[in-house]
Each structure stands twice: as C-alpha cells, then as structure tokens.
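**Q** The structure is given below, and queries will be raised subsequently.
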Amino acid sequence: MPTDIIMPQMGESIVEGTITKWLKKPGDKVQRDEPLFEISTDKVDAEIPAPASGVLREIKVAEGTTVGINTVVGSISVDGEATAPAKAAPKATAASTEEKKEEKKLAIPQTPAALAPASTAAAPEPAEDEEARSSPLVRKIAREHGVSLSQISGTGLGGRITKQDIMAFIERQGSQPAGVGTDAFVRPAERSEAPPAAPPAPRSAHATFPGDLVPMTNMRKIIAQRMIESRRTSAHVHCMYEVDFTRIVSLRAKHKNGFEQRHGVRLTFMPFFVRAAIIAVQQWPIVNASLEGDNIRYHRNINVGIAVALDWGLIVPVLKNAGDLNFLGLQRGITDLGERARNKKLKPEDVEGSTFTVTNPGQFGAVFGLPIINQPNSAIMGVGGITKQPLVITDKEGNDSIAIRSVVHLTLGYDHRLIDGAVADQFMALVKKTLENWNEEIG
172 MPTDIIMPQM GESIVEGTIT KWLKKPGDKV QRDEPLFEIS TDKVDAEIPA
222 PASGVLREIK VAEGTTVGIN TVVGSISVDG EATAPAKAAP KATAASTEEK
272 KEEKKLAIPQ TPAALAPAST AAAPEPAEDE EARSSPLVRK IAREHGVSLS
322 QISGTGLGGR ITKQDIMAFI ERQGSQPAGV GTDAFVRPAE RSEAPPAAPP
372 APRSAHATFP GDLVPMTNMR KIIAQRMIES RRTSAHVHCM YEVDFTRIVS
422 LRAKHKNGFE QRHGVRLTFM PFFVRAAIIA VQQWPIVNAS LEGDNIRYHR
472 NINVGIAVAL DWGLIVPVLK NAGDLNFLGL QRGITDLGER ARNKKLKPED
522 VEGSTFTVTN PGQFGAVFGL PIINQPNSAI MGVGGITKQP LVITDKEGND
572 SIAIRSVVHL TLGYDHRLID GAVADQFMAL VKKTLENWNE EIG
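Each residue of the sequence shown is one higher than the one before, starting from 172 at the first, in my numbering.
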C-alpha cells in the first residue's frame, strides 16, 4: 500500500494549514525526510519532510489550498511497490488562481488595435497538446515574446506549463515582448535608424505584471491582522535616543575574526543591543510586563522576540530565557533563530511567549523606525542604522571638542496604558549608558 502524506499538526493550537508549494511533482523520486512541500499556518511557514522513500504517486491537494490537520494531501509509492500512473490534481485546480483571474480578462474580446502589428514575428500557433497543457494567459505571454511552447518543459501537474515556467524560460533567453516598451511608440522609419535598445532586465519567474491582482499570502494576511489589532489595542508612544556606538564598533572589529574561529558563529551587533535591553529590563521590569484585563502580569523570564525580515514577510522568533544567557549564548541563539526562520525550520513554540521585542530596520539603512508593538508585549525596541557623524565630546575636565563617531539611533515603542514616559526614558537611558560604556566580556 502507498504511504499517505498528511497535513501535520504544527502545534497544539493549530487546526489547519495552507499548502503554499509542492517541491516535487508526481513521478519524482523522494527520500525520507527530504523536504516535500511547504505549508503556512497562523504561526509559522515550514517545510514538511517526506514520510517515506519512494516515488511521489499522487498530489491530492493543490497549492494554495487550506485543509485541516491530518488530511491526506498526497501519497508515496514506497520502494519495492509498483508505481501507479501519476494522478494530476482535479481540473479545477490545474491552473493557479492568479492565472484564472487573468484568463477572465483575456476572455474580453480584443480590438484590432490591441493586437500586435502584422509585421511583428509571431510565435507559431500552439498545437493541440500544447493547448491542453497551458492556459490562455501562458499562450498570450508566449505570443508576446515570440516563444514556442514546445520549447518549455512544464512543471505543473501533468506537465502543465505555468506562468512561472514561461517567465523563467523568458528570463533565461533574455527575450522581450514584441511591440512592448518605449520602442513601441517610435515610428517605423525611426526604428530602422536608431541603434537597437538594450534588452530589459530579466524578470523573476515570480514577478507580477502592472495591473495584476494578486491574493495575499497567508503570512501577509496574519501580519496585516495583527498590526491592526496592535494599533487598536495599545496606546502607542515612541521615544528616540542617540547612542555613541564607537566603543562597540571598535570592539567588534577587533574581535570578530577570533570570535568566529573560536565559536563557529559570526559576531554581530544584535547581541549587544539585546544584552543592553536585558540589563535595562532587570532594572525596570514593567517594560517586560503585559496587561491582562485590569491586571499586570510581571513575567518571570525575559523572552526576547527578534524580528527577522524574510523575502515573503516578517516573523518574530523568540529567544527564551534570554536573561539567563551570557553574551556567547545570546549570539548563538540569535543566529540559530535567524537561520531557521529563513530556512523555514521554525516550530510553533519558537514564535510564542515573547515578553519584549527587538527589531532592526537599520540593517536596510533606516536612521530609525517607529515600530508597532508585538502583542501581548508592552514594548519594542527599534535599532537604526550605524553611521559616522560629528559629535561634541566632553572630556573629564569639561572641555568640548568635535570628533567623528559611530552613532546609532534607538527607539522604544511602548504601551502608555502600562508604561509611563518617565519609565520609558529611564529605561532607554540605561540602554544608552550600557552601550556607550560597554565593559562585559564577549567570549
């Protein structure tokens, strides 16, 4: 008997998941524990491994479909079994939702003016088998780019050519659509005299066209919902502090090579910020607290959420019991969470239980940010970019001078229902003092 592939339960509170991508197609060989498909839940996006070695026999649930836990989503013919012909998904799911919507647009009769000029070299009309394994949208793209579908191997169910397939082919070939671009507005006489235009930059296979209506991903829906809920729940206030970061920049430059050689992990700036925040939380525990109705919950542990930007959204894995870790433990934990988030290896418990959050918009060049509180936290610290600036330096005798220093701007977003402005300022003043006068061993 073939081995069933089921939708796993990724945590006690999770009752369903959305299949976002199949990494194999029917007929492909798979190895046990090899990533087989990707899912998205209200907690994490994750890769699901194959339950057995063999051949992917059937896909029963198409990409983009949400099903309950323990639902059979496919099957594997295990080694030694006769493999039945691969079954495609039902016709209703053969084309992606995006393609269906664009196909409807194509159904509207086109006027002659909308068609390509007669002088434009057109791709041969697709044969019947090509018609059967492609959508009207794919055939339209093929005509515009002068591409024959016989040149393309489809990755869709049953060998169907998807929009991603043809866009990837076009990217590899570097072809451009006929009659599209600025050259389309040049008179024929001028075209022959002008030098050929450089081809446009290749488009990603997952790029969208202007005017596309693309459904939100499951993760994006959750982010949108939680951001609105946080704004409605907490009375957001922000304060910003300028920190002379020169001491730590020099310290990291001096020790980063040796640190990586000794411990096998890169030395980054993030553990400095996290450690400074932990020291301040220990002095001002209200910043690590949460509101529960008319009560205040003072958390026993300091569980720091570390915001990680992904190509497909944002996730906040949690460094549990961060107050009990030394500097090396912080760096290892931060690195591990970041790598697992980017590789879709997080578990639901990895994104639960934060009591304070740190986010780093500065990695992309922002001077500072005004982050939204990660519920049910009462505060979030934003880290700006590290830049060199002229600062007034006062020595022990009170003499002032101007020097070039490394500067970072830190912001604290806090819930004013729970945290007073004076407390927030004193908290950030201690963070600033800790960073500017760093005296802890980094390992």
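Heads up, the beta-carbon is just placed ideally off N, CA and C, and yes, glycines get one too.
Which class does Glu607 belong to by DSSP, given the choice of helix, strand or coil?
**A** Counting from one through the sequence shown, the residue named residue 607 turns up at place 436. In this structure, Glu607 counts as helix in the three-state DSSP scheme.
**Q** How should Gly476 be labelled, buried or exposed, when 16 other C-beta atoms within 10 angstroms of its C-beta is the threshold for buried?
**A** Position 305 of the sequence shown, counted from the first residue, corresponds to residue 476. That one is buried.
**Q** Is Ala595 buried or exposed, if buried means 16 or more other CB atoms sit within 10 Å of its CB?
**A** Walking along the sequence shown from the start, residue 595 turns up at place 424. Result: buried.
**Q** Quick one: grab the DSSP three-state call for Lys138.
**A** Because the chain here runs from 172 to 614, residue 138 falls outside it and cannot be looked at.
**Q** Can you grab the Cα-Cα spacing for the pair Ser461 / Gly540, in whole Å?
**A** Along the sequence shown, one-based indexing puts residue 461 at 290. Along the sequence shown, one-based indexing puts residue 540 at 369. The alpha-carbon atoms of Ser461 and Gly540 are separated by roughly 23 Å.
**Q** Quick one: grab the DSSP three-state call for Ala447.
**A** Reading the sequence shown from its first residue, position 276 is the one you call residue 447. Helix at Ala447.
**Q** Could you tell me which uninterrupted alpha helix (DSSP H) segments, each at least 4 residues in length, are contained entirely in the region 397-446, listed from first to last along the chain?
**A** 417-434
**Q** Considering only C-alpha positions, which residue in the set Asn514, Met172, Ala493 and Lys604 is nearest to Pro442?
**A** The residue given as residue 442 occupies position 271 in the sequence shown. Minimum Cα distance to Pro442 is reached at Ala493.
**Q** By Cβ distance, which residues of its chain are closer than 8 Å to Arg358, with the 5 residues on each side in sequence left out?
**A** Locating residue 358 in the sequence shown gives position 187, where the first residue counts as 1. Bear in mind that the predicted position of Arg358 carries a pLDDT of just 32, short of 50, making it too unreliable to give a figure here.
**Q** Grab me the residues of Ser401's own chain with a C-beta within less than 6 Å of its C-beta, minus the 5 sequence neighbours each way, in chain order.
**A** On the sequence shown, residue 401 is found 230 positions in, with the first residue counted as 1. Within its own chain, the residues whose Cβ lies closer than 6 Å to the Cβ of Ser401, once the five positions on either side in sequence are excluded, are Ile543, Ile544 and Gln546, listed in chain order.
**Q** Return the CA-CA distance between Asn466 and Thr333, expressed in angstroms with no decimal places.
**A** Within the sequence shown, the letter at position 295 stands for residue 466. Within the sequence shown, the letter at position 162 stands for residue 333. Approximately 55 Å between the Cα atoms of the pair.
**Q** How do the region 580-600 and the region 546-558 stand: do at least 3 beta-carbon pairs fall below 8 Å, yes or no?
**A** yes
**Q** Can you tell me where the beta strand (DSSP E) holding Gln560 begins and where it ends?
**A** Working through the sequence shown from its first residue, we reach residue 560 at position 389. Looking at the DSSP string, the run of the beta strand (DSSP E) that includes Gln560 is Ala550 to Thr565.
**Q** So Phe208 is in the beta strand (DSSP E); what residue range does that whole segment cover?
**A** Here residue 208 corresponds to residue number 37 of the sequence shown, with the count starting at 1. Start and end: Pro206 to Ser211.
**Q** Taking the alpha helix (DSSP H) that Ile505 falls in, what are its first and last residues?
**A** As a first step, residue 505 must be located in the sequence shown, where it is residue number 334. Element bounds for Ile505: Phe498 to Arg513.
**Q** Thinking Glu229 and Gly245 are a contact (beta carbons under 8 Å), I'd like their distance in whole angstroms, please.
**A** Residue numbering aside, residue 229 sits at position 58 when the sequence shown is read from its first letter. Residue numbering aside, residue 245 sits at position 74 when the sequence shown is read from its first letter. Yes, Glu229 and Gly245 are in contact; Cβ-Cβ is about 6 Å, under 8 Å.
**Q** Cutting at 6 Å between CB atoms, please list the residues of its own chain near Lys427, excluding the five before and the five after it.
**A** What you label residue 427 is simply residue 256 of the sequence shown in a count that begins at 1. Around Lys427, the same chain offers Leu438 as residues with beta carbons nearer than 6 Å, after the five sequence neighbours per side are excluded.
**Q** Going by DSSP, what residue range makes up the beta strand (DSSP E) through Glu218?
**A** The residue given as residue 218 occupies position 47 in the sequence shown. Start and end: Asp216 to Pro220.
**Q** Between Ile190 and Ile247, is the Cβ-Cβ spacing less than 8 Å?
**A** Here the question's residue 190 lines up with position 19 in the sequence shown. Here the question's residue 247 lines up with position 76 in the sequence shown. No.
**Q** If you reduce the DSSP assignment to three classes, tell me which class Phe380 lands in.
**A** Locating residue 380 in the sequence shown gives position 209, where the first residue counts as 1. Correct three-state label for Phe380: coil.
**Q** In whole angstroms, what separates the C-alpha of Glu523 from that of Ala512?
**A** Translated into positions along the sequence shown, residue 523 becomes position 352. Translated into positions along the sequence shown, residue 512 becomes position 341. As the crow flies, the alpha-carbon of Glu523 is around 14 Å from that of Ala512.
**Q** In the DSSP output, which residue or residues are listed as bridge partners for Thr174?
**A** Residue numbering aside, residue 174 sits at position 3 when the sequence shown is read from its first letter. As a beta-bridge residue in DSSP terms, Thr174 pairs with Ile247.
**Q** What's the gap between the Cα of Asp482 and the Cα of Lys516?
**A** Within the sequence shown, residue 482 is the residue found at index 311, counting from 1. Within the sequence shown, residue 516 is the residue found at index 345, counting from 1. When rounded, the distance between both Cα atoms is 15 Å.
**Q** Assuming Pro519 and Ile185 are in contact, meaning their beta carbons sit under 8 Å apart, how far apart are those beta carbons, in whole angstroms?
**A** Position 348 of the sequence shown, counting from 1, holds the residue named residue 519. Position 14 of the sequence shown, counting from 1, holds the residue named residue 185. Their Cβ separation, rounded to whole angstroms, is 6 Å, which keeps Pro519 and Ile185 in contact under 8 Å.
**Q** Let me know if Ser324 comes out buried or exposed under the rule of 16 or more other beta-carbons within 10 Å of its beta-carbon.
**A** What you label residue 324 is simply residue 153 of the sequence shown in a count that begins at 1. Label assigned to Ser324: exposed.
**Q** Is any non-hydrogen atom of the ligand SAH found closer than 7 Å to the C-beta of His426, if you look at the structure I gave you?
**A** For the ligand SAH, the structure offers nothing, since it holds no ligand at all.
**Q** According to DSSP, is His316 part of a helix, a strand, or is it coil?
**A** The sequence position of residue 316 within the sequence shown is 145, counting from 1. Helix at His316.
**Q** CA-CA distance, Asp507 and Asn570?
**A** For the purposes of this step, residue 507 is taken as residue 336 along the sequence shown, with counting starting at 1. For the purposes of this step, residue 570 is taken as residue 399 along the sequence shown, with counting starting at 1. Roughly 46 Å between the two C-alpha positions.
**Q** Using the C-alpha atoms, what's the distance from Lys231 back to Gln180?
**A** If you number the sequence shown from 1, residue 180 lands on position 9. If you number the sequence shown from 1, residue 231 lands on position 60. Answer to the nearest angstrom: the Cα atoms are 18 Å apart.
**Q** Which of the three DSSP states, helix, strand or coil, is assigned to Asp465?
**A** Position 294 of the sequence shown holds residue 465. Coil at Asp465, not helix or strand.
**Q** Assuming Ser525 contacts Asn474 (C-beta within less than 8 Å), just tell me the rounded distance between them.
**A** As a position in the sequence shown, residue 525 is number 354, starting the count at 1. As a position in the sequence shown, residue 474 is number 303, starting the count at 1. Ser525 to Asn474, Cβ: 5 Å. Contact.
**Q** Ignore the nearest five residues each way along the sequence and tell me which others in Ala537's own chain have a CB closer than 8 Å to its CB.
**A** Taking the first residue of the sequence shown as 1, we reach residue 537 at position 366. Only Gly555 and Gly556 meet the Cβ criterion.
**Q** When the Cα atoms are used, what is the spatial distance from Glu315 to Ile341?
**A** Walking along the sequence shown from the start, residue 315 turns up at place 144. Walking along the sequence shown from the start, residue 341 turns up at place 170. About 11 Å.
**Q** In chain order, what residues of the same chain lie with their CB nearer than 6 Å to the CB of Gly500, ignoring the 5 residues before and after it?
**A** In the sequence shown, the residue the question calls residue 500 occupies position 329. Closer than 6 Å at Cβ, skipping near neighbours: no residue.
**Q** Since Met178 contacts Ile240 with CB under 8 Å, what's their CB separation in whole angstroms?
**A** What you label residue 178 is simply residue 7 of the sequence shown in a count that begins at 1. What you label residue 240 is simply residue 69 of the sequence shown in a count that begins at 1. At roughly 5 Å, the Cβ-Cβ gap stays under 8 Å, so Met178 and Ile240 are in contact.
**Q** Within this structure, are the beta carbons of Arg622 and Trp609 separated by less than 8 Å?
**A** With the chain covering only 172 through 614, there is no way to say anything about residue 622.
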